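When you line the sequence shown up against numbering that gives the first Met the number 0, it's residues 0 to 402, in that order.
Beta carbons: idealized from backbone N, C-alpha and C, even for Gly.
Since the structure is predicted, the reported quantities are computational estimates derived from the model, not experimental observations.
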Amino acid sequence: MTRRLPKQSAFFYSGCDFSRGLLYLSGYAARWAAPHYFSELCMGSTVLTGKRAGAFQRANGKWIFVTFERTYEKNCYPHVDDWSACTIGNYADVMHRVFRHATSCEGGMLQSRSGYIRPENYIDSWRQELAKPMMLRDRQIELRVGKSLQASIPESSLDEVRQALAKAGLEDKLNALAGEGLSASLTADVDLLIALYGESGPFSAWRVLSVDDCESVPVSAEVPSLLPASTVMKHMPDVRCFAIDDDNRLVSYDGKPWRHAGWNYSAVGWFITEVAYSLDMVYPGFAKRAIPELREKLRKALPLPPDTKLNVTRAPAGVDKWRIATADEIARGLGIVDNDEPAPSQYSFYFREVLGELNSLLLYKLNGFDLSQVIWNGLDDQAAPVTAAHNVTCESQLSFSLF
Numbered sequence: 000m001t002r003r004l005p006k007q008s009a010f011f012y013s014g015c016d017f018s019r020g021l022l023y024l025s026g027y028a029a030r031w032a033a034p035h036y037f038s039e040l041c042m043g044s045t046v047l048t049g050k051r052a053g054a055f056q057r058a059n060g061k062w063i064f065v066t067f068e069r070t071y072e073k074n075c076y077p078h079v080d081d082w083s084a085c086t087i088g089n090y091a092d093v094m095h096r097v098f099r100h101a102t103s104c105e106g107g108m109l110q111s112r113s114g115y116i117r118p119e120n121y122i123d124s125w126r127q128e129l130a131k132p133m134m135l136r137d138r139q140i141e142l143r144v145g146k147s148l149q150a151s152i153p154e155s156s157l158d159e160v161r162q163a164l165a166k167a168g169l170e171d172k173l174n175a176l177a178g179e180g181l182s183a184s185l186t187a188d189v190d191l192l193i194a195l196y197g198e199s200g201p202f203s204a205w206r207v208l209s210v211d212d213c214e215s216v217p218v219s220a221e222v223p224s225l226l227p228a229s230t231v232m233k234h235m236p237d238v239r240c241f242a243i244d245d246d247n248r249l250v251s252y253d254g255k256p257w258r259h260a261g262w263n264y265s266a267v268g269w270f271i272t273e274v275a276y277s278l279d280m281v282y283p284g285f286a287k288r289a290i291p292e293l294r295e296k297l298r299k300a301l302p303l304p305p306d307t308k309l310n311v312t313r314a315p316a317g318v319d320k321w322r323i324a325t326a327d328e329i330a331r332g333l334g335i336v337d338n339d340e341p342a343p344s345q346y347s348f349y350f351r352e353v354l355g356e357l358n359s360l361l362l363y364k365l366n367g368f369d370l371s372q373v374i375w376n377g378l379d380d381q382a383a384p385v386t387a388a389h390n391v392t393c394e395s396q397l398s399f400s401l402f
């Protein structure tokens, strides 16, 4: 017996599911030929099966790290995990990549074989890996412009290469790279490699580095030691939040303007990269303590008061066109202007006006405002958060770079 999906269904496939998926959607494939679950027709999670850090010391004694992860795609069969180099740089550089990947843990798009990984645990486990890395042996790395997807320098990215080299003060390398290429030493030319394949570079390190570059014996590298919880949590920002609905949160840090933080996992992800990373670099261990506390605050947030007033500015300087269109659509939905008219340069409405089933689309569109477009009024004297649980199951797009 064959089984068909509704015509209106839209799904994304990984490469190994594509042919099987086409047969399944056509109705000509047997039921066993379909992906194991309908959710697997959609973008699947990446499963992490191993971590490794490689390292060497500069002449000045400073450590340079390369991070490697072994992964497979959950919706790609058979499940074959492969090692891939993520980034190269000093401790702060590679930890920045770790914190970025940790946001995908919060959304469920980076998992272990057992399932969900808490981002604070992912960060802490990488800190331990960096403290006991494998020694990286020096070797020559051929840097050449090519047309293949796996070229060390993709031909289509020369503008990005030029900008990266200029930023690093290595403009003199451009002609050689764009011409016949050059041979770079992992240790002697590490600044060039970091400029191109580090956290601020245009490419990921898998193009030029392999886990096989690591020796088999670990060494002890100098990484910051964790501070006591009582010390690091003194620097936790004053977090206030309200629940816009079961999933979305309105958040303010240290009395700064309220911002629509999106779903819970997005709010935690923003905190990880925009707040926790910089504080953890100064107060090691901050992320391990602060992320769970923030998650709990978001979970217990009280509903946003219906009388909250939103003051909207349609088109502040520098705002994207689609955000201006969002202001227009909300104004039309509220009946402030006719369907074919733009919104006024400024307008106001109360949160209660976008509540209810008939206004669910308007409530959803609130997340389309830029921070500079909307001011949420009447919340300064409100207590938030207290205890009102909101369950959330959600996913986030993985931040791994394909380049």
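So residue i and residue j are supposed to be a Cβ contact under 8 Å. How far apart are they, rounded?
{"i": "R342", "j": "R298", "result": "It should be noted that the sequence gives Ala, not Arg, for residue 342. With a Cβ gap of about 34 Å, A342 and R298 do not count as contacting."}
{"i": "L361", "j": "I329", "result": "6 Å"}
{"i": "P118", "j": "I271", "result": "6 Å"}
{"i": "K50", "j": "S124", "result": "7 Å"}
{"i": "G268", "j": "G106", "result": "7 Å"}
{"i": "C240", "j": "K296", "result": "6 Å"}
{"i": "L169", "j": "A194", "result": "6 Å"}
{"i": "V93", "j": "I122", "result": "12 Å between Cβ atoms; not a contact."}
{"i": "V216", "j": "M134", "result": "7 Å"}
{"i": "I374", "j": "P302", "result": "That pair is no contact at about 20 Å."}
{"i": "A326", "j": "V311", "result": "6 Å"}
{"i": "F348", "j": "L365", "result": "Actually they are not in contact, since the Cβ atoms of F348 and L365 sit about 10 Å apart, beyond 8 Å."}
With 8 Å set as the bound, which would you pick, yes or no: does the beta-carbon of residue i sit closer than that to a beta-carbon of chain B?
{"i": "S147", "result": "As a matter of chain content, chain B is missing from the structure shown, which is built from one protein chain."}
Could you name the residues that DSSP lists as bridge partners for residue i?
{"i": "V46", "result": "Y71 and Q110"}
{"i": "Q139", "result": "S184"}
{"i": "A242", "result": "R248 and P302"}
{"i": "P217", "result": "M133"}
{"i": "P227", "result": "For P227, which the question treats as bridged, DSSP gives no partner whatsoever."}
{"i": "S347", "result": "N310"}
{"i": "W375", "result": "L309"}
{"i": "T86", "result": "T66"}
{"i": "R258", "result": "V250"}
{"i": "Y101", "result": "Going by the sequence as given, residue 101 is Ala instead of Tyr. None, per the DSSP bridge assignment."}
{"i": "P291", "result": "According to DSSP, P291 bridges with nothing at all."}
{"i": "V144", "result": "I152"}
{"i": "G412", "result": "Here the chain covers residues 0 to 402 and nothing more, so residue 412 does not appear."}
{"i": "G200", "result": "Answer is none; G200 lacks a bridge partner."}
{"i": "Y121", "result": "Partner(s): none; Y121 has no beta bridge."}
{"i": "D81", "result": "T70"}
Nearest by alpha-carbon distance to residue i: which of the options is it?
{"i": "V218", "options": "Q110, T48 and W62", "result": "W62"}
{"i": "I116", "options": "W125, Q127 and C104", "result": "C104"}
{"i": "T307", "options": "E198, E352, L148 and M134", "result": "E352"}
{"i": "R126", "options": "E221, I243, F350 and D244", "result": "E221"}
{"i": "E292", "options": "M235, G317, W257 and K166", "result": "M235"}
{"i": "H167", "options": "D379, A326, D137 and L191", "result": "The question names His, yet the displayed sequence has Ala at residue 167. Here the closest residue by C-alpha is L191."}
{"i": "Y346", "options": "V216, L309 and P132", "result": "L309"}
{"i": "V65", "options": "C213, L176 and M108", "result": "C213"}
{"i": "A187", "options": "V373, S359 and Q56", "result": "Q56"}
{"i": "Q372", "options": "F350, A316, N338 and D339", "result": "A316"}
{"i": "S265", "options": "R136, G332 and R99", "result": "R99"}
{"i": "G88", "options": "V189, L333, G377 and R288", "result": "V189"}
{"i": "L185", "options": "A165, R136, L226 and A163", "result": "R136"}
{"i": "Y196", "options": "L164, S224 and G178", "result": "L164"}
{"i": "K287", "options": "L176, P132, F67 and A101", "result": "A101"}
{"i": "D279", "options": "T70, V336 and Y90", "result": "Y90"}
{"i": "H95", "options": "A183, S277 and A130", "result": "S277"}
{"i": "A52", "options": "K131, N120 and A289", "result": "K131"}
{"i": "S182", "options": "S155, L225 and R138", "result": "R138"}
{"i": "L249", "options": "V336, R69, N59 and L370", "result": "L370"}
{"i": "L129", "options": "F67, G178 and E198", "result": "F67"}
{"i": "L226", "options": "N376, A289, N174 and Y363", "result": "A289"}
{"i": "P304", "options": "F350, E356 and G178", "result": "F350"}
{"i": "A421", "options": "L208, G367 and E273", "result": "A query on residue 421 cannot be resolved here, the shown segment of the chain reaching from 0 to 402 and no further."}
Cβ contact (3+ pairs, closer than 8 Å) linking the stretch 314-321 and the stretch 257-265: no
Under 8 Å: do the stretch 193-205 and the stretch 151-163 share three or more Cβ pairs, one atom per stretch? yes
Say whether the stretch 45-53 touches the stretch 110-129, bearing in mind that this needs 3 or more beta-carbon pairs closer than 8 Å, one atom from each stretch. yes
Do the stretch 225-234 and the stretch 278-291 meet, that is, are 3 or more Cβ pairs less than 8 Å apart? yes
Contact between the stretch 74-85 and the stretch 142-153 is defined here as three or more beta-carbon pairs at a separation below 8 Å; is this criterion met? no
Are at least three pairs of beta-carbons, each pair with one atom in the stretch 66-81 and one in the stretch 241-249, less than 8 Å apart? no
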